[in-house]
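Below is one structure; the comments refer to it alone.
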Ligand code: HEC
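In our numbering, the protein residues as written are 12 to 468.
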């Protein structure tokens with residue numbers, strides 16, 4: 012799928028030259044000569060090099076003049092189409108913390124640079140590349156735990172693993188952030204990580220058992236996996252599992268909330284459970300990965316622990332009508348959940364697979380007003396961020412949260428995994444990309460006065 016997309020991008024880039032030339036007569040006040048050092052590098056360094064640098068997750072860098080010049084036409088195309096930087100949410104509907112959205116002027120500058128011959132410009136005008144700390148995007152961690160290294164032979168397909176990352180500490184403590192850092196960002200596709208919290212006396216050692224097993228999607232397979240990883244307590248019972256503590260997607264930066272909000276109670280014995288880690292294909296080359304997890308301690312206990320609910324597939328509110336998508340149809344579904352108490356929403360995560368076409372979520376207050384949450388007019392399976400609001404969003408008791416999705420199971424959908432299209436459902440609760448899901452995950456706090464004015468940035 013990725014290869015097709017890339018080819019498509021390249022073809023369009025060529026066709027696009029004509030379109031780029033067309034937009035030159037818009038009467039904008041652009042510099043007479045757009046140069047790399049003066050105009051283009053600052054845009055790339057602010058919006059692109061977080062991924063387009065060694066270790067950043069994209070497969071090529073956009074740091075030097077030579078690198079950027081080689082991609083000048085594609086850069087013009089992907090920015091004009093707003094495919095890059097990847098930010099599927101519509102910034103005119105709602106804005107989020109850390110959003111990467113280019114201004115119209117930035118886009119025109121990149122286009123003009125591509126068609127005006129991609130001039131380098133005066134060397135002394137070159138800006139400094141932002142300082143990307145190695146091994147973390149969030150600062151200097153207090154503890155670093157290695158994830159079991161993984162070896163992918165040449166031409167291996169997608170791999171989904173269940174991985175245990177255990178630790179022991181001298182005493183119980185708190186953490187403000189747990190961050191997953193990929194060792195080989197070319198192959199680590201995504202990670203969903205939970206947190207297993209042991210009661211000290213109930214587990215002799217957290218280090219026994221194997222550390223990684225192939226993910227099997229049915230419940231029996233999962234339970235067997237958990238046993239191989241030696242996750243249960245010594246008496247066979249299961250410890251507490253906190254969901255979604257450490258997630259990774261290319262370009263996503265770990266969320267530290269203001270002190271006391273969110274964060275984790277870190278018992279002396281624990282383990283992160285990557286459930287799952289997805290390794291992408293390796294083409295002709297073998298690949299190795301040694302990822303790690305960073306922990307940032309906190310002196311402040313998580314006084315206001317973040318809570319979570321989920322609409323849709325496997326969630327607290329059903330998908331309506333059932334998510335059964337007949338071949339050659341476009342299907343609208345929704346999911347609605349009434350909130351019983353006032354809540355403050357921090358972060359939201361819309362989730363669909365390859366047939367997803369668009370996603371919209373909002374809340375309807377008891378008196379009928381609408382609170383906007385997110386609009387994704389052009390669903391992109393590759394970029395499924397956890398979107399954090401700049402300030403918490405208060406949703407009062409009695410409101411209904413509504414999530415609406417549209418699926419395209421026709422041949423017009425270039426991401427349709429089936430040609431000819433087949434019936435696709437979420438009925439087996441499978442996470443395979445070729446089955447579907449419709450989910451809206453909301454992390455929130457019980458509302459306290461003043462929440463809506465507290466900056467999360
Ligand atoms: C969040 C990470 C991220 C950011 C930020 C980002 N990119 Fe990308 N970019 C990628 C990834 C990953 C790919 C490969 C996508 C694929 O192969 O489907 C890509 C692909 C591209 C391509 C397509 C290359 C080809 O194969 O034809 C271009 C051009 C590009 N990016 C330019 C940019 C520019 C310009 C910016 C900033 C304005 C930017 N990107 C910001 C991750 C990012």
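Yeah, the Cβ is synthetic: ideal placement off N, Cα and C, and Gly gets one too.
These figures come from a predicted structure and were not determined experimentally.
Residue i, buried or exposed, once every other Cβ within 10 Å from all chains shown has been counted against 16
i: residue 403; result: buried
i: residue 140; result: exposed
i: residue 447; result: buried
i: residue 400; result: buried
i: residue 193; result: buried
i: residue 324; result: buried
i: residue 12; result: Confidence at residue 12 is low in this model, with a pLDDT of 32, below 50, so its placement is unreliable and the value that follows should be read with caution. That one is exposed.
i: residue 172; result: buried
i: residue 284; result: buried
i: residue 362; result: buried
i: residue 465; result: exposed
i: residue 313; result: buried
i: residue 453; result: buried
i: residue 87; result: buried
i: residue 327; result: exposed
i: residue 52; result: buried
i: residue 58; result: buried
Contact check, residue i vs residue j, beta carbons under 8 Å
i: residue 152; j: residue 307; result: yes
i: residue 455; j: residue 342; result: no
i: residue 85; j: residue 185; result: no
i: residue 239; j: residue 221; result: yes
i: residue 189; j: residue 304; result: yes
i: residue 101; j: residue 393; result: no
i: residue 288; j: residue 174; result: yes
i: residue 432; j: residue 421; result: yes
i: residue 250; j: residue 317; result: no
i: residue 99; j: residue 279; result: no
i: residue 149; j: residue 295; result: no
i: residue 374; j: residue 414; result: no
i: residue 297; j: residue 144; result: no
i: residue 330; j: residue 241; result: no
i: residue 367; j: residue 416; result: yes
i: residue 451; j: residue 382; result: no
i: residue 335; j: residue 434; result: yes
Where residue i sits in the DSSP three-state scheme
i: residue 19; result: Any reading at residue 19 must be qualified, since the residue scores a pLDDT of 49, below 50, and its modelled position is unreliable; the value itself is stated next. Helix.
i: residue 74; result: coil
i: residue 180; result: coil
i: residue 364; result: coil
i: residue 50; result: helix
i: residue 3; result: The structure shown has nothing for residue 3, since the chain only spans 12 to 468.
i: residue 2; result: The displayed coordinates of the chain run from 12 to 468. Any statement about residue 2 would go beyond what the structure contains.
i: residue 88; result: helix
i: residue 162; result: strand
i: residue 148; result: coil
i: residue 324; result: coil
i: residue 300; result: strand
i: residue 462; result: helix
i: residue 174; result: strand
i: residue 66; result: coil
i: residue 56; result: helix
i: residue 128; result: coil
i: residue 186; result: strand
i: residue 11; result: No statement about residue 11 is possible, as the shown extent of the chain runs from 12 to 468 and does not include it.
i: residue 350; result: coil
i: residue 358; result: strand
i: residue 456; result: strand
i: residue 311; result: coil
i: residue 81; result: helix
i: residue 231; result: helix
i: residue 108; result: coil
i: residue 249; result: coil
i: residue 135; result: helix
Sufficient close CB pairs (3 or more, under 8 Å) joining the segment 346 to 358 to the segment 407 to 426: Cβ pair count under 8 Å is three or more, so yes.
Segment contact, 8 Å Cβ cut-off, at least three pairs: the segment 171 to 183 with the segment 243 to 255: At 8 Å Cβ cutoff, the stretches do not touch.
Contact the segment 193 to 207 vs the segment 252 to 261: 3+ CB pairs below 8 Å: Result yes; three or more Cβ-Cβ pairs closer than 8 Å.
At least 3 beta-carbon pairs within less than 8 Å: the segment 65 to 78 vs the segment 156 to 173: No, the segment 65 to 78 does not touch the segment 156 to 173.
Minimum length 3: unbroken beta strand (DSSP E) runs contained in the segment 196 to 228: DSSP runs (the beta strand (DSSP E)) wholly in the segment 196 to 228: 199 to 208 and 223 to 225.
Segment contact, 8 Å Cβ cut-off, at least three pairs: the segment 124 to 133 with the segment 60 to 67: Contact between the segment 124 to 133 and the segment 60 to 67 is absent, with fewer than three C-beta pairs closer than 8 Å.
Alpha helix (DSSP H) segments (min. 4 residues) lying fully within the segment 378 to 418: Complete alpha helix (DSSP H) runs here, min 4: none at all.
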